[in-house]
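Numbering (the working numbering), first residue to last: 1 to 161.
The beta carbon of each residue, even a glycine, is placed where N, CA and C say it ideally should be.
Notes for the one structure printed next.
Given below as structure tokens:
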């Protein structure tokens, strides 16, 4: 089934939400930046890393970040980790808009109720991926900075694909 999927749509050197989309970078920037999930949350089957890097730069530059919430930040963190940006990955997980209440429940923001459990699930998966790594990652805790600021210990996690 995977081999029968259509190629990922590309316009002007970046991935887009669907083939032939118009006004991609003005009309479709107010919800989850799911394009980055192609290479982060998902393992990136048939993703061209050069095109993904250009897509991520475009997302970072034009996305309506005031509308971002919940699992957006773990998804962005996983993408940043897979692209070799562990500092950026940590930044997304510690982003001021990715919050938790005093009881540790993930905040939903103005669009959904608290607790917003996809945010918690996203955080858990992002940290697991960053710690245990993924199939093409080398080293220990490849999603965390390796400059000594972080000492990451984990056990019982499988590598992501």
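Looking only at its chain, what residues have a beta carbon closer than 6 Å to the beta carbon of residue i, apart from the 5 residues adjacent to it on each side?
i: residue 98; result: 73
i: residue 5; result: none
i: residue 123; result: 74
i: residue 16; result: 9 and 24
i: residue 52; result: 39
i: residue 37; result: 75
Can you check DSSP and say which residues form a bridge with residue i?
i: residue 14; result: 11
i: residue 160; result: 134
i: residue 39; result: 43
i: residue 106; result: 100
From residue i to residue j, what does the alpha carbon distance come to, in whole angstroms?
i: residue 81; j: residue 18; result: 25 Å
i: residue 65; j: residue 27; result: 14 Å
i: residue 117; j: residue 107; result: 9 Å
i: residue 120; j: residue 10; result: 32 Å
i: residue 86; j: residue 143; result: 5 Å
i: residue 135; j: residue 150; result: 22 Å
i: residue 105; j: residue 114; result: 7 Å
i: residue 111; j: residue 71; result: 13 Å
i: residue 20; j: residue 13; result: 13 Å
i: residue 30; j: residue 141; result: 32 Å
i: residue 96; j: residue 22; result: 32 Å
i: residue 54; j: residue 88; result: 16 Å
i: residue 42; j: residue 67; result: 23 Å
Could you check whether residue j and residue i sit closer than 8 Å to each other, using their CB atoms as the reference points?
i: residue 77; j: residue 93; result: yes
i: residue 127; j: residue 83; result: no
i: residue 133; j: residue 159; result: yes
i: residue 47; j: residue 8; result: yes
i: residue 33; j: residue 90; result: no
i: residue 109; j: residue 69; result: yes
Could you round the C-beta distance between residue i and residue j to whole angstroms and report it? I think they count as a contact, below 8 Å.
i: residue 131; j: residue 161; result: With a Cβ gap of about 16 Å, residue 131 and residue 161 do not count as contacting.
i: residue 35; j: residue 59; result: 6 Å
Can you name, in chain order, every residue of its own chain whose Cβ lies under 7 Å from the Cβ of residue i, other than the five neighbours on each side?
i: residue 129; result: 78, 81, 143 and 160
i: residue 100; result: 106 and 107
i: residue 40; result: 75, 78, 79 and 82
i: residue 45; result: 2
i: residue 125; result: 74
Got a sec? Which residues, its chain only, sit under 8 Å from residue i by beta carbon, not counting five neighbours each side?
i: residue 147; result: none
i: residue 157; result: 128, 131 and 132
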